[in-house]
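To start, the structure itself, in C-alpha cells.
Protein chains: 2
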Amino acid sequence: MALTLVSTCKHFGGSLSKYTHPSATNQCTMTFNVFLPKAAVENNTKVPVLYCLGGLTSNEDNFSIKAGAASRASQYGLALVFPDSSPRDVGFAEAGADPNVGYSAGFYLNATQAPWNKNWNMYDYIVKELPQVLASHLPIDTSRSSITGHSMGGHGALTIFLKNQSAYKSISAFSPILHPSISYWGLAAFPKYLGEDRAVWKEHDTIELLKRYSSEKNLRQDFKVLIDQGTGDQFLQEPDRLNTSDLITLIKEQGLENQFEIRYQDGYDHGYFFISTFVNDHIDHHAKALDLALQDVSR
Amino acid sequence: MALTLVSTCKHFGGSLSKYTHPSATNQCTMTFNVFLPKAAVENNTKVPVLYCLGGLTSNEDNFSIKAGAASRASQYGLALVFPDSSPRDVGFAEAGADPNVGYSAGFYLNATQAPWNKNWNMYDYIVKELPQVLASHLPIDTSRSSITGHSMGGHGALTIFLKNQSAYKSISAFSPILHPSISYWGLAAFPKYLGEDRAVWKEHDTIELLKRYSSEKNLRQDFKVLIDQGTGDQFLQEPDRLNTSDLITLIKEQGLENQFEIRYQDGYDHGYFFISTFVNDHIDHHAKALDLALQDVSR
C-alpha cells in the first residue's frame with residue numbers, strides 16, 4: 001500500500017498534506033488530504049483522527065480549504081482526514097455524466113450494480129482501507145476515531161457510524177441527507193448503485209437504519225450526535241431532500257433525545273460559510289468524546 | 001453608482017455578500033466581496049472596515065474563502081472588504097496573456113501606458129471609488145479604515161498606506177512584494193503599465209517610498225505595520241521576488257524599528273494555509289488601532 005505525497009505545507013503548527021494511493025477497494029487511485037497537528041509532525045506522536053466527509057460535487061479539497069477546522073483541531077492535537085468523495089478516472093463516460101451519480105457522488109456505500117460495483121465501494125474504503133493506509137503510513141491512532149460530514153457526507157458519517165458503532169467515538173453532521181431512500185438524491189443514485197429493490201436502499205439510509213436498530217435494541221446507549229442545520233438552506237425547504245423533520249419525529253418516537261442534539265441555525269444556508277461558522281462546536285464535540293483537552297500550541 | 005447584489009449568505013452572525021458595480025475609474029464592471037458583522041446587518045450600525053487585498057492570480061474570492069478572517073472580525077464588529085485584484089473583461093487579448101500583467105495583476109497602481117491606462121487604475125479604485133461605493137450603499141464607516149494584503153496585495157496595502165497615511169488606522173501584510181521596481185514581478189509588469197522610466201516605478205514601490213518619505217520626514221510617527229513572512233516561502237528564497245531583507249535593512253538605517261514588526265514564521269510557505277494560521281493576529285492588530293474590543297457575538 002504505497003502512499004505518495006503530492007503536496008504539503010505548514011498549517012497551524014502542524015501540516016496539511018495531500019496524498020494519493022492505489023486503492024484495492026475502489027480499483028483506482030484515491031486522493032485524500034490530512035491535517036496533522038504539531039505533536040504528530042514534530043514528535044511522530046500518534047494522534048486521534050476525525051474523518052471529514054464531503055458532499056456532492058466536492059473532492060478532498062472543499063472541507064480542508066473552506067471549513068476552517070484545523071485551527072481548533074490544532075489546539076486539541078487532533079488529526080483531520082479529508083477523503084475524496086468518490087473514485088476517479090475509472091474510464092467509463094457515465095461516471096462523469098450526472099452530478100448525482102458517479103464522480104463526487106460516492107454516497108459512502110458499496111455499489112452492487114454494474115458498472116458501478118467495480119469501483120464505487122466508498123463504504124469499504126472509508127471503514128476499512130483508508131484507516132489501514134493511515135495507520136500504516138502516518139502518526140494516526142485509528143483506534144481513536146470520530147466522524148463528521150456535510151450533506152451527502154453527513155449521510156455518510158451517520159450511516160457509517162450506525163453500522164460500526166464501536167469504531168467511532170463521536171459523530172456529527174452539517175446539513176445531512178437523512179432519508180435518501182425517499183429523497184431526490186437517493187432516487188437518482190440508489191437505483192444505479194443498488195438496483196431497484198428498495199429494501200436494499202434502506203441499508204444505506206440513516207432514518208431507516210436508526211428505526212430498525214432502535215426497535216431491535218441494537219443501538220449503543222452512550223453515543224451523542226451533533227447536527228447543525230441552517231434554516232435558510234434551500235434543500236431544507238424543498239420536500240424530500242434533507243428530511244431533517246423525519247429524524248426529529250423518529251427521535252421522539254424512539255426516545256432518542258439524549259443521543260441526538262439537532263440545532264436549527266437561523267438563516268444559514270447549505271454552504272461552507274455556514275460550516276465554518278459552527279465548525280469549532282463540532283471539533284469541541286468530538287474532542288470531548290475523544291477525551292482531548294484544549295492546549296496552547298505554538299505555531 | 002448602482003450596486004448589484006450577486007449572492008449573499010449568513011456567516012458568523014453577519015453576512016458574506018458578493019456585489020458588482022460599474023466602475024468609472026476602471027471603465028468596467030468590478031466585483032467585490034464584503035463581510036458585514038452582525039451589528040451592521042441587523043441594526044444597520046455603521047462599522048469600521050479592513051480592506052483585504054489579494055495577490056497575483058487571485059480574485060475577490062480567494063481571501064474571503066481561504067483566510068478565515070471573518071471569525072475574529074465578527075467578534076470585533078469589523079467589516080472586511082475583499083476587492084477583485086484587477087479590472088475584468090476589458091476586451092483586449094493581451095489582458096489575459098500573462099499572469100504577471102493584466103487580469104489578476106492590478107498591482108494597485110494607475111497605469112500610464114496604452115492599452116492599460118484606460119482600465120488599470122486600481123490605485124484610484126481602492127483609494128477613492130470603492131470607499132465611495134461602500135459609504136453610499138452599505139453600513140460601513142469608511143473614516144475608520146485599515147488595510148492588509150497578501151503578496152501583490154501586501155505591496156498594495158503598504159504603498160497605498162504610504163501615499164495616504166491619514167486614511168488608514170493600521171496596516172499589515174502577509175508575504176508582501178516589497179521592492180517591485182527591482183523584482184521579477186515588477187520588471188514584468190511595470191514597463192507595460194508605467195513605461196521605461198524607472199524613476200516612475202519608484203512611486204509604486206514600498207522600499208523606495210519609505211526611503212524617500214523617511215528621509216523627507218514625511219512619515220507619520222504613530223503607525224505600526226505588522227508583516228508575517230514564512231521562511232519556507234519559495235519566493236523568499238529566490239532573489240528579487242519579495243525582498244524582505246531590503247525592508248529589514250532600510251528599517252535599521254532609518255530607525256523605523258518602532259513602526260515595523262516583521263515576523264519570520266518558521267517553515268510556512270506563500271499560501272493561504274499560512275495566512276489562516278496567523279490571520280487572527282492581524283485582525284487583533286487592526287482592531288487595536290481601530291479601538292475595537294472583542295465581544296461575544298451570538299451567531
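Chains L and D supply the protein sequences, listed in that same order.
Start counting the first sequence at 1; every next residue gets the next number (full-length UniProt numbering).
Start counting the second sequence at 1; every next residue gets the next number (full-length UniProt numbering).
Here a beta-carbon is modelled for each residue, glycine too, at the ideal position from N, C-alpha and C.
**OP:** Evaluate D:Gly136 with the Cβ neighbour count: other Cβ atoms within 10 Å of its Cβ, from every protein chain shown; 16 or more gives buried, anything less gives exposed.
**Re:** Correcting the residue type first, residue 136 of chain D is Ser in the shown sequence and not Gly. D:Ser136 should be labelled exposed.
Original post:
Is it the case that the Cβ atoms of L:Ala114 and L:Leu56 are separated by a distance below 7 Å?
Top reply: No, the pair does not count as a contact, with Cβ atoms beyond the cut-off.
Original post:
Ends of the alpha helix (DSSP H) at D:Phe273?
Top reply: Here the alpha helix (DSSP H) through D:Phe273 covers Tyr272 to Ala289.
Original post:
Contact check, L:Thr31 vs L:Lys18 under 8 Å by CB: the rounded distance?
Top reply: Right, the Cβ-Cβ distance comes to about 7 Å (below 8 Å), so this counts as a contact.
Original post:
Interface residues of chain L around D:Tyr268 at Cβ under 7 Å?
Top reply: By Cβ distance, chain L contributes Lys10.
**OP:** May I have the straight-line CA-CA distance separating D:Val41 from D:His270, to the nearest angstrom?
**Re:** Roughly 33 Å between the two C-alpha positions.
Original post:
Under three-state DSSP, which class holds L:Ala97?
Top reply: Here L:Ala97 sits in coil by DSSP.
Original post:
By the 10 Å Cβ neighbour count, where 16 or more other Cβ atoms means buried, how is L:Ser85 classified, buried or exposed?
Top reply: Result: buried.
Subject >> Closest Cα partner of L:Gln221 within the set L:Ala24, L:Asp228 and L:Tyr213 >> reply: Closest option to L:Gln221, judged by alpha-carbon separation, among L:Ala24, L:Asp228 and L:Tyr213: L:Tyr213.
**OP:** Could you pull the start and end residues of the beta strand (DSSP E) that L:Leu5 belongs to?
**Re:** Per DSSP, L:Leu5 belongs to the beta strand (DSSP E) from Thr4 to His11.
Original post:
Quick one: what's got a C-beta closer than 8 Å to L:Ala188's C-beta in the same chain, skipping five residues either side?
Top reply: Counting only Cβ-Cβ distances below 8 Å, and skipping sequence neighbours, we find Asp98, Asn100 and Val101.
Original post:
Starting from L:Phe35 and walking both ways along the beta strand (DSSP E), at which residues does that stretch end?
Top reply: Looking at the DSSP string, the run of the beta strand (DSSP E) that includes L:Phe35 is Cys28 to Leu36.
Original post:
Below 7 Å between beta carbons: does that hold for D:Phe92 and L:Leu16?
Top reply: Against a cut-off of 7 Å, the Cβ pair of L:Leu16 and D:Phe92 comes out as no contact.
Original post:
Would you say L:Phe82 reaches chain D, if we count a Cβ-Cβ gap shorter than 7 Å as a contact?
Top reply: Not one chain D Cβ lies under 7 Å of L:Phe82.
Original post:
What does a CB cutoff of less than 7 Å around L:Ile251 pick up in its chain, not counting 5 residues either side in sequence?
Top reply: Here the set comprises Glu257 and Phe260.
Original post:
Nearest to L:His179 by CA position, among L:Glu208, L:Pro87 and L:Gly156, is which residue?
Top reply: Nearest to L:His179 by alpha-carbon distance, out of L:Glu208, L:Pro87 and L:Gly156, is L:Glu208.
**OP:** Answer with yes or no whether the minimum CB distance from L:Thr277 to chain D is below 7 Å.
**Re:** Closer than 7 Å: yes.
**OP:** State buried or exposed for L:Asp197, treating a residue as buried only when at least 16 other CB atoms are found within 10 Å of its CB.
**Re:** Label assigned to L:Asp197: exposed.
Subject >> Residue-level contact to chain L via CB, D:Leu16, 7 Å cutoff >> reply: Yes, D:Leu16 lies at the interface with chain L (some Cβ there is under 7 Å from its Cβ).
Subject >> Close Cβ partners of D:Val133 (< 6 Å) along its chain, the five nearest in sequence each way excluded >> reply: Excluding positions up to five away in sequence, the list reads Met1 and His21.
Original post:
In whole angstroms, what is the alpha-carbon distance linking D:Gln237 and D:Gly267?
Top reply: About 12 Å.
**OP:** Mind listing the chain D neighbours of L:Lys66? Cutoff is C-beta to C-beta under 7 Å, in chain order.
**Re:** Here the neighbours are Ile65.
Original post:
Who are D:Lys18's beta bridge partners in DSSP?
Top reply: Residue pairing for D:Lys18: DSSP places it in a beta bridge opposite D:Ser7 and D:Asn33.
**OP:** Determine contact between the segment 146-159 of chain D and the segment 282-292 of chain D, defined as no fewer than three beta-carbon pairs at a distance below 8 Å.
**Re:** Taking 8 Å as the limit for Cβ pairs, the verdict is that the segment 282-292 of chain D does touch the segment 146-159 of chain D.
Original post:
Closer than 8 Å, Cβ to any Cβ of chain D: which residues of the segment 149-174 of chain L, in chain order?
Top reply: The residues in question: there are none.
Original post:
Quick one: any contact between the segment 227-241 of chain L and the segment 167-178 of chain L, if contact means 3 or more CB pairs under 8 Å?
Top reply: Remark: three or more beta-carbon pairs, one from each stretch, lie closer than 8 Å, so the segment 227-241 of chain L and the segment 167-178 of chain L are flagged as touching.
Subject >> Contacts that L:Phe273 makes with chain D (C-beta to C-beta distance below 7 Å) >> reply: Residues of chain D passing the Cβ test: Cys9, His11 and Leu16.
Subject >> Chain-ordered neighbours of L:Ser71 on chain D, where CB pairs are closer than 9 Å >> reply: Listed by position along chain D, the residues whose Cβ is nearer than 9 Å to that of L:Ser71 are Gly68, Ser71, Ser276, Thr277 and Asn280.
**OP:** Examine chain L for any beta-carbon lying closer than 7 Å to the beta-carbon of D:Arg88, and answer yes or no.
**Re:** For D:Arg88, the answer is no, since every Cβ of chain L falls outside 7 Å of its Cβ.
Subject >> Status (buried if at least 16 other CB within 10 Å, exposed otherwise) for D:Thr112 >> reply: Burial call: exposed.
Subject >> Span separating the alpha-carbon of D:Leu247 from that of D:Ser71 >> reply: About 31 Å.
Original post:
To which residues does DSSP link D:Glu261 through a beta bridge?
Top reply: Bridge partners of D:Glu261: D:Leu226.
**OP:** Measure the CB-CB distance between D:Val279 and D:Ala67 and report whether it falls below 7 Å.
**Re:** Yes, the pair counts as a contact, with Cβ atoms nearer than the cut-off.
**OP:** Go ahead and pull the three-state DSSP assignment for L:Arg220.
**Re:** In this structure, L:Arg220 counts as coil in the three-state DSSP scheme.
Subject >> Secondary structure of D:Tyr51, DSSP reduced to three states >> reply: In this structure, D:Tyr51 counts as strand in the three-state DSSP scheme.
**OP:** Could you tell me if D:Arg263 is buried or exposed, where buried requires 16 or more neighbouring beta carbons within 10 angstroms of its beta carbon?
**Re:** Under a 10 Å Cβ-count criterion, D:Arg263 is classified as exposed, with fewer than 16 other Cβ atoms of the shown protein chains found around its own Cβ.
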